[in-house]
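Numbering follows the UniProt record's numbering, with no gaps: position 635 of the sequence shown is 635.
Idealized CB from N, CA, C, for every residue including glycine.
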Amino acid sequence: SAIYELSCEAYKHLGKTSNYYWIDPDGSGTLGPLKVYCNMTEDKVWTTVYHDLQTQTSVGGNSLEKSSVLQLNYSATMDQISAITSSAEYCEQFISYSCKMSRLLNTPEGNPYTWWVGKANEKHYYWGGSGPGIQKCACGIERNCTDPKYYCNCDADYKQWRKDSGMLSYKEHLPVSQVVVGDFDRPGSEAKVSVGPVRCQGDRNYWNAASFVTSSSYLHFSTFQGETSADISFYFKTSASDGVFLENLGNTDFIKLELKSATEVSFSFDVGNGPVEIVVRSPNPLNDDQWHRVNAERNVKQASLQVDQLPLEVRKAPTEGHTRLELYSQLYVGAAGGQRGFLGCIRSLRMNGVTLDLEERAKVTPGVKPGCSGHCTSYGMYCANGGKCVEKYNGYSCDCSKTAYDGPFCIKDVGAFFEEGMWLRYNFHSPGTSVKDLVSRTLLSSADPEITAPDLSLNKEELSFSFSTTKSPCILLYVSSYTPDFMAVLVNPAGNLQIRYNLGGTKEPYNIDIDHRNMANGQPHTVNVTRNGRDIILQLDHYPPTSYSLPATSDIQFNSPKALFLGKVIEIGKIDQDIYKYNTPGFTGCLSRVQFNQIAPLKAALRPTNTSSHVHIQGELVESNCGASPLTIPPMSAATDPWHLDSASADFPYNGQAIGDGVNRNSAIIGGVIAVVIFTILCTLVFLIRYMFRHKGTYHTNEAKGAESAESADAAIMNNDPNFTETIDESKKEWLI
1 SAIYELSCEA YKHLGKTSNY YWIDPDGSGT LGPLKVYCNM TEDKVWTTVY
51 HDLQTQTSVG GNSLEKSSVL QLNYSATMDQ ISAITSSAEY CEQFISYSCK
101 MSRLLNTPEG NPYTWWVGKA NEKHYYWGGS GPGIQKCACG IERNCTDPKY
151 YCNCDADYKQ WRKDSGMLSY KEHLPVSQVV VGDFDRPGSE AKVSVGPVRC
201 QGDRNYWNAA SFVTSSSYLH FSTFQGETSA DISFYFKTSA SDGVFLENLG
251 NTDFIKLELK SATEVSFSFD VGNGPVEIVV RSPNPLNDDQ WHRVNAERNV
301 KQASLQVDQL PLEVRKAPTE GHTRLELYSQ LYVGAAGGQR GFLGCIRSLR
351 MNGVTLDLEE RAKVTPGVKP GCSGHCTSYG MYCANGGKCV EKYNGYSCDC
401 SKTAYDGPFC IKDVGAFFEE GMWLRYNFHS PGTSVKDLVS RTLLSSADPE
451 ITAPDLSLNK EELSFSFSTT KSPCILLYVS SYTPDFMAVL VNPAGNLQIR
501 YNLGGTKEPY NIDIDHRNMA NGQPHTVNVT RNGRDIILQL DHYPPTSYSL
551 PATSDIQFNS PKALFLGKVI EIGKIDQDIY KYNTPGFTGC LSRVQFNQIA
601 PLKAALRPTN TSSHVHIQGE LVESNCGASP LTIPPMSAAT DPWHLDSASA
651 DFPYNGQAIG DGVNRNSAII GGVIAVVIFT ILCTLVFLIR YMFRHKGTYH
701 TNEAKGAESA ESADAAIMNN DPNFTETIDE SKKEWLI
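Right, dumping it as structure tokens:
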């Protein structure tokens, strides 16, 4: 049964981010798994397979050979790479030839000096940026070669370095397995070749789907050839409580997969010894309109059925009797003779490693529609931090525009480094719109559409961000208004965090002081402040949230908000005395994922969006994740995380050897034990020797060890006294600086 996913696309739909993964493009077929790099971008998934040819490999010198063959060895077999390219929507591979008196394709008329060998050992005489059958380089197609008489820069045979490069994107020819260079044997001839990894995008198999709209509709395919072994896998989603997924009949033999009830999937077959049925029962209903995966296998020894991550059900085959599954009828998908058909979607149906093209067949079949909608019900949970799931024809994507994050799942912090004196202002209304419209649109969060803003005031705010700094005092964030009202988050001279509210009705602003914690220690800290009327909830890092309440006399309206400042407050009118004091020289450090209600000011500054006109920056804003808060939940340990693919700790089926560093587990354990034993013996020896010297009447002084190397007596004491270093640590070495 499959322990690896079929493609990078499948890993993305488990919520996985860019990394190296093992994929198995033909299920339990003969190819076996291979390790690829999956690059999950916002809208596409790229699969990359690397080879061992160095970039800019030199060809030339005093070789007697007429041609030089550069061989590329990939981290996968040619068949494995073919499985990836054939199911991909698009593939490309970069190729480059740098030359000094070394001709490439010998255009316009001659026989090429250099060619490359692709899939199926075919020679190809076109170059990157061009296409099959066109003996030209990219510059020949774009008509910008150094010498217009030739179709490649290198063919002009100059004594200076020139280059021809571009993408090879005819995927039926990829990957490049050899480059054969011919023109380098004249005096002064030199050439360098670079070939990039092969990159493919999209997975036509993973999203190949059909929707069965009526229970009598079905798709038919040619007879399933699975005499001695059958490996069938697919995804389904339905709101019906039963239906046949697929069936293929013989005289008496048959094979069938069906949804028997809302919680049961059945795999049944007969190879001549009487019918056998395996049933997987799910604790939760399977007709919940979410995608579920089914994997059924049968061979001469046993049969098995797995649904999602539920336990595998296995049935051993009888030792005597028939073993061949002899089928004659067509393969029916979505229904079976005289039984209730399946209503819903089936996708990515693979039989013995081959994906059936449900989509093409559905286009010409009444009652069946190609494709399937509604992926967000299954995958929407991967859009984090308030990102919205958006349906696409093949899959889904996360819309992060209303969040302070980006990336494919809205989990990448958008942050920046602030130099001293730099500041950012976000105006809540841009020039030319009425204040009223805008505040009601952006500040009153879209979660409460019924609130309008007659008096342009806020009853509630939600603020969250993370930061790191080593300098205090400073102002992290300040929200100003057209009235004396303001809200501020600052770090006081002692390095403690303070939240300050001034909503009117009180003599002094209301302060929340977080004492006993130095926040200016250079570590990232997260701050979440939510105010609803009089109630304020503050959560700092991973400490439990604490509740505060504005004084009884305080107003609870934040009147006429005007602008939000990061790093420094540059505002006209009267400013609170402390704020004024802490305002110079300004904040130095990192701020990340700042969000105030629906507004993400840093993201608006760093990512051009329709709100970027609201932002004014003084100084140079450098994007950086230096303030990104670490995960508050500890990540899964490698031992428990089934997707952990660190080469040293993942056991792959190669005789107990871990791929990558090739160290056998047992030898590592034995080595560890030996190391511990040696260490213990050494410690004992040291202790004994010291003990012996103690008793030889050696003259002891209490002079600090390390005194010789220390610069002064004070330094020697500091080097020596463990308590002293602790006290320095606690005060964070402030007076030493």
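Quick one: grab the DSSP three-state call for residue i.
i       : result
Val-280 : strand
Pro-561 : strand
Met-381 : helix
Gly-533 : coil
His-322 : coil
Ile-670 : helix
Ala-362 : helix
Glu-122 : coil
Phe-486 : strand
Val-300 : coil
Lys-581 : helix
Phe-687 : helix
Ser-241 : coil
Just how far apart, CA to CA, sit residue i and residue j?
i           : j       : result
Thr-55      : Trp-46  : 21 Å
Ile-134     : Gly-353 : 35 Å
Glu-9       : Val-529 : 37 Å
Asp-535     : Thr-680 : 58 Å
Cys-398     : Asn-459 : 30 Å
Lys-119     : Thr-85  : 10 Å
Leu-621     : Tyr-405 : 17 Å
Lys-136     : Ser-130 : 6 Å
Cys-99      : Ser-75  : 29 Å
Ala-563     : Cys-389 : 30 Å
Val-69      : Pro-197 : 18 Å
Thr-584     : Ser-480 : 18 Å
Gln-595     : Cys-626 : 17 Å
His-700     : Lys-471 : Because His-700 carries a pLDDT of 44, less than 50, the predicted location of this residue cannot be relied on, and no value is offered for it.
Ser-233     : Lys-369 : 20 Å
Tyr-510     : Cys-376 : 44 Å
Ala-362     : Pro-311 : 33 Å
Leu-688     : Val-677 : 17 Å
Ser-18      : Tyr-37  : 7 Å
His-292     : Gly-344 : 12 Å
Gly-202     : Tyr-170 : 15 Å
residue 761 : Ala-156 : In the structure as shown, the chain starts at 1 and stops at 737, and residue 761 therefore has no counterpart that could be examined.
Gly-274     : Phe-245 : 21 Å
Val-179     : His-173 : 14 Å
Met-167     : Pro-175 : 12 Å
Val-607     : Ser-261 : The sequence as given places Arg at residue 607; Val does not occur at that position. The alpha-carbon atoms of Arg-607 and Ser-261 are separated by roughly 50 Å.
Go ahead and label residue i buried or exposed: buried means 16 or more other beta carbons lie within 10 angstroms of its beta carbon, across all protein chains shown.
i       : result
Ile-95  : buried
Asp-646 : Any reading at Asp-646 is ruled out, since the residue's pLDDT is 42, under 50, leaving its predicted position unreliable.
Arg-324 : exposed
Phe-467 : buried
Asp-485 : buried
Arg-143 : exposed
Tyr-90  : exposed
Val-314 : exposed
Gly-110 : exposed
Ile-81  : buried
Between which two residues does the beta strand (DSSP E) containing residue i stretch?
i       : result
Leu-105 : Segment: none, Leu-105 is in no beta strand (DSSP E) and carries neither H nor E.
Ile-575 : Unbroken run through Ile-575: none, as it is neither H nor E.
Met-101 : Premise fails: Met-101 is in no beta strand (DSSP E) and is neither H nor E.
Leu-591 : 589 to 596
Asp-164 : 162 to 168
Ala-230 : 230 to 237
Gln-309 : That residue, Gln-309, is in no beta strand (DSSP E); it is neither H nor E in DSSP.
Gln-201 : 190 to 201
Lys-35  : 34 to 40
Val-265 : 264 to 270
Asp-513 : 510 to 514
Tyr-50  : Note, Tyr-50: premise wrong, no beta strand (DSSP E); not H, not E.
Between which two residues does the alpha helix (DSSP H) containing residue i stretch?
i       : result
Ala-604 : 601 to 606
Tyr-11  : 8 to 12
Ala-494 : Counting along the chain, Ala-494 falls outside any alpha helix (DSSP H), and DSSP gives it neither H nor E.
Gln-80  : 78 to 87
Under 7 Å from any heavy atom of the ligand NAD, does the C-beta of residue i make it?
i       : result
Asn-528 : No copy of the ligand NAD occurs in the structure displayed, which carries no ligand at all.
Problem set entry | Minimum length 4: unbroken alpha helix (DSSP H) runs contained in the segment 136 to 163 | 138 to 142
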